[in-house]
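Worksheet for the structure shown next.
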Ligand SMILES: NC(=O)c1ccc[n+]([C@@H]2O[C@H](COP(=O)([O-])OP(=O)(O)OC[C@H]3O[C@@H](n4cnc5c(N)ncnc54)[C@H](OP(=O)(O)O)[C@@H]3O)[C@@H](O)[C@H]2O)c1
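Numbering (our numbering), first residue to last: 70 to 410.
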């Protein structure tokens, strides 16, 4: 399977490392032979070779800080745009791992449509296109017999979408309710241990969980993007951000935390989706709720089903190999020809 990678940062390099370290195992056990033919970054150049790029040399160039450091080869093309790489042919799937834009989903969204138009399967870690244009992407993929996969967009490699869409395919899912932002869950865990909001945020930033500008996490927007993805994918909704009821954790005080504790409850930022809508809200959960016991940067989701009752999945929600693992599982699903589309 020949891959075009859009974005080669934390996740892109994680995927490349996994494809390199597991190459023999993937070929032998799964029949997957994945070759990276193109890589695009925002500011560090781009590389394309129809016969494949050398992953070790690609990672070495990324380490140096510029794809210009990749050694010269016959047939190597530098500086191509994503459109030019798609038009060049020679690839089977496009993996979108550029920064998430929840306002317009661009420039990734246009590239995703171009990829499907050109007959490429599409795998996303970038939430924007799935959150904002799922219905059109899905319809296009379906009409062309291509797969649209986005396991990484919700809970990284913890297999949320595959659980919901494949393992639970025979169930009716009535609602999804989860802790889908690790940064805020880490902060709430630390605040419960006695830190102030500002101290918990500083710790989350020091550990690399929170960005310098943490507003996307603490105001609930990152989780809201995931609510849109769940609502679109599980319930066929066509919600937009404006339809969601979104608030974050910025208003929670030490007194609120203490009051919850003395009532035998715990604050969690809960992202919920159901056929009737979606929300992101800090809620006080009883300790008997499995979501109340998810600590630190972990993520979790409870799916309410007709046949199985509540099914709760807990695991990593971010990380280099954790997110690379989600993309690998999507590539394997494409290889098997599995999945809804
Ligand atoms: N990190 C995680 O744990 C995680 C988990 C789940 C989902 N995701 C999602 O996965 C995506 C990638 O995350 P990341 O952590 O790998 O981010 P990152 O480390 O910031 O890497 C982003 C990559 O995209 C490139 N890029 C920037 N603008 C671009 C453009 N216009 N066209 C093509 N490439 C562009 C960047 O290049 P330059 O460095 O040259 O700007 C960089 O190579 C994001 O959408 C994120 O939300 C991440």
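Don't be surprised by glycine CBs; every beta carbon is placed ideally from N, CA and C.
With 16 other Cβ atoms within 10 Å as the buried cut-off, status of residue 96: Indexing the chain shown from 1 puts residue 96 at position 27. Under this definition residue 96 is an exposed residue.
According to DSSP, residue 79 sits in a beta bridge with which residue or residues? One-based indexing of the chain shown puts residue 79 at position 10. The partner list for residue 79 (beta bridge, DSSP) is empty, contrary to what the question assumes.
Look up residue 409 in the DSSP assignment and say whether it is helix, strand or coil. On the chain shown, position 340 is the one that residue 409 refers to. A caution first: residue 409 carries a pLDDT of 46, below 50, which makes its placement in the model unreliable, though a value can still be read off. DSSP places residue 409 in coil when its eight states are reduced to three.
Mapping DSSP to helix, strand and coil, what is residue 223? To locate residue 223, count along the chain shown from 1; it is residue 154. DSSP places residue 223 in coil when its eight states are reduced to three.
Which partner residues of residue 325 appear in the DSSP bridge assignment? For the purposes of this step, residue 325 is taken as the residue at position 256 of the chain shown. DSSP lists no partner for residue 325.
Which whole-angstrom value is the C-beta distance of residue 139 and residue 116, which I expect to be below 8 Å? Sequence index remark: in the chain shown, residue 139 carries index 70 (1-based). Sequence index remark: in the chain shown, residue 116 carries index 47 (1-based). Correct: roughly 6 Å between the Cβ atoms.
Can you grab the Cα-Cα spacing for the pair residue 350 / residue 134, in whole Å? Taking the first residue of the chain shown as position 1, residue 350 is located at position 281. Taking the first residue of the chain shown as position 1, residue 134 is located at position 65. Going from the Cα of residue 350 to the Cα of residue 134 covers about 39 Å.
Going by C-alpha distance, which of 103, 72, 109, 359 is nearest residue 246? As a position in the chain shown, residue 246 is number 177, starting the count at 1. Per the Cα distances, 359.
Cβ-Cβ separation, residue 84 to residue 393 (assumed contact under 8 Å), whole Å: By 1-based counting over the chain shown, the position of residue 393 is 324. By 1-based counting over the chain shown, the position of residue 84 is 15. Right, their Cβ atoms sit about 4 Å apart.
Under the criterion of a Cβ to heavy atom distance below 8 Å, does residue 112 qualify as lining ligand 1? As a first step, residue 112 must be located in the chain shown, where it is residue number 43. Checking every heavy atom of ligand 1 against the Cβ of residue 112, one is found closer than 8 Å.
Span of the beta strand (DSSP E) around residue 244: Indexing the chain shown from 1 puts residue 244 at position 175. From DSSP, the beta strand (DSSP E) with residue 244 extends over 242 to 248.
Among the candidates 364, 208, 235, 195, whose CA atom is the shortest distance from the CA of residue 186? Working through the chain shown from its first residue, we reach residue 186 at position 117. Closest by alpha carbon: 208.
Which value, in whole angstroms, describes the spacing of the CA atoms of residue 146 and residue 223? As a position in the chain shown, residue 146 is number 77, starting the count at 1. As a position in the chain shown, residue 223 is number 154, starting the count at 1. Rounded to the nearest angstrom, the two C-alpha atoms are 34 Å apart.
Nearest-angstrom Cα distance between residue 227 and residue 254? Sequence index remark: in the chain shown, residue 227 carries index 158 (1-based). Sequence index remark: in the chain shown, residue 254 carries index 185 (1-based). Spanning the two alpha carbons is a distance of roughly 16 Å.
With a threshold of 8 Å (Cβ to nearest heavy atom), would residue 79 be considered close to ligand 1? The sequence position of residue 79 within the chain shown is 10, counting from 1. Checking the Cβ of residue 79 against ligand 1 gives yes.
Quick one: using the 10 Å Cβ neighbour count with 16 as the cut-off for buried, is residue 81 buried or exposed? If you number the chain shown from 1, residue 81 lands on position 12. Buried is the call here.
For my contact list, residue 347 and residue 297 are in at a C-beta cut-off of 8 Å; report their separation, rounded to the angstrom. One-based indexing of the chain shown puts residue 347 at position 278. One-based indexing of the chain shown puts residue 297 at position 228. Yes, they are in contact, since the Cβ atoms of residue 347 and residue 297 sit about 7 Å apart, within 8 Å.
If we call anything under 9 Å between Cβ atoms a contact, is residue 162 one with residue 70? Locating residue 162 in the chain shown gives position 93, counting from the first residue. Locating residue 70 in the chain shown gives position 1, counting from the first residue. Closer than 9 Å, so yes.
On the three-pair Cβ rule with 8 Å, is the segment 259 to 271 touching the segment 321 to 329? yes
For residue 363, name the three-state secondary structure that DSSP assigns. Taking the chain shown and counting its residues from 1, one reaches residue 363 at position 294. In this structure, residue 363 counts as coil in the three-state DSSP scheme.
Enclosing beta strand (DSSP E) for residue 118 [first to last residue]: Walking along the chain shown from the start, residue 118 turns up at place 49. Looking at the DSSP string, residue 118 is not in any beta strand (DSSP E), and its letter there is neither H nor E.
In this structure, does DSSP put residue 262 in helix, strand or coil? For the purposes of this step, residue 262 is identified with residue 193 of the chain shown, where counting begins at 1. Coil at residue 262, not helix or strand.
Measure how close the beta-carbons of residue 259 and residue 269 come, nearest whole angstrom, since I'm counting them as under 8 Å. The residue given as residue 259 occupies position 190 in the chain shown. The residue given as residue 269 occupies position 200 in the chain shown. Rounded, the Cβ-Cβ distance is 4 Å, consistent with contact.
Closest Cα partner of residue 121 within the set 391, 385, 143: As a first step, residue 121 must be located in the chain shown, where it is residue number 52. The candidate whose alpha carbon is nearest that of residue 121 is 143.
What does the alpha-carbon distance come out to for the pair residue 211 and residue 205? To locate residue 211, count along the chain shown from 1; it is residue 142. To locate residue 205, count along the chain shown from 1; it is residue 136. Using only the alpha carbons, I get a separation of about 10 Å.
Buried versus exposed call for residue 320 [16 or more other C-beta atoms within 10 Å across all chains shown]: For this step, residue 320 is matched to residue 251 along the chain shown. Exposed, since its Cβ has fewer than 16 Cβ neighbours within 10 Å.
Taking all protein chains shown into account, do 16 or more other C-beta atoms lie within 10 angstroms of the C-beta of residue 165, making it buried, or fewer, making it exposed? The residue given as residue 165 occupies position 96 in the chain shown. By the 10 Å Cβ count, residue 165 comes out buried.
Where DSSP assigns a beta bridge to residue 347, which residues make up the other side? Here residue 347 refers to the residue found at position 278 of the chain shown. DSSP output for residue 347 lists 342 as bridge partner(s).
Under 8 Å from any heavy atom of ligand 1, does the C-beta of residue 168 make it? In the chain shown, counting from the first residue as 1, residue 168 sits at position 99. Because some heavy atom of ligand 1 lies under 8 Å away, the Cβ of residue 168 counts as near it: yes.
Residues in the same chain with beta-carbon distance under 7 Å from residue 288, minus the five sequence neighbours each way, listed in chain order, please. Position 219 of the chain shown holds residue 288. Counting only Cβ-Cβ distances below 7 Å, and skipping sequence neighbours, we find 317, 319.
Going by DSSP, which residues form a beta bridge with residue 369? Sequence index remark: in the chain shown, residue 369 carries index 300 (1-based). 248, 383.
For residue 91, which three-state DSSP category applies? The sequence position of residue 91 within the chain shown is 22, counting from 1. Coil, per DSSP.
Report whether the distance from the Cβ of residue 200 to the nearest heavy atom of ligand 1 is below 8 Å. Within the chain shown, the letter at position 131 stands for residue 200. No, the Cβ of residue 200 stays beyond 8 Å of every heavy atom of ligand 1.
In chain order, what residues of the same chain lie with their CB nearer than 7 Å to the CB of residue 231, ignoring the 5 residues before and after it? Numbered from 1 along the chain shown, position 162 holds the residue referred to as residue 231. For residue 231, where only same-chain residues beyond five positions count, the Cβ hits under 7 Å are 220, 398.
Shorter than 8 Å, the distance from the beta carbon of residue 75 to the closest heavy atom of ligand 1, or not? As a first step, residue 75 must be located in the chain shown, where it is residue number 6. Answer for residue 75: yes, Cβ within range of ligand 1.
Can you tell me where the alpha helix (DSSP H) holding residue 133 begins and where it ends? Position 64 of the chain shown, counting from 1, holds the residue named residue 133. Taken as a continuous stretch (DSSP letters only), the alpha helix (DSSP H) holding residue 133 covers 124 to 133.
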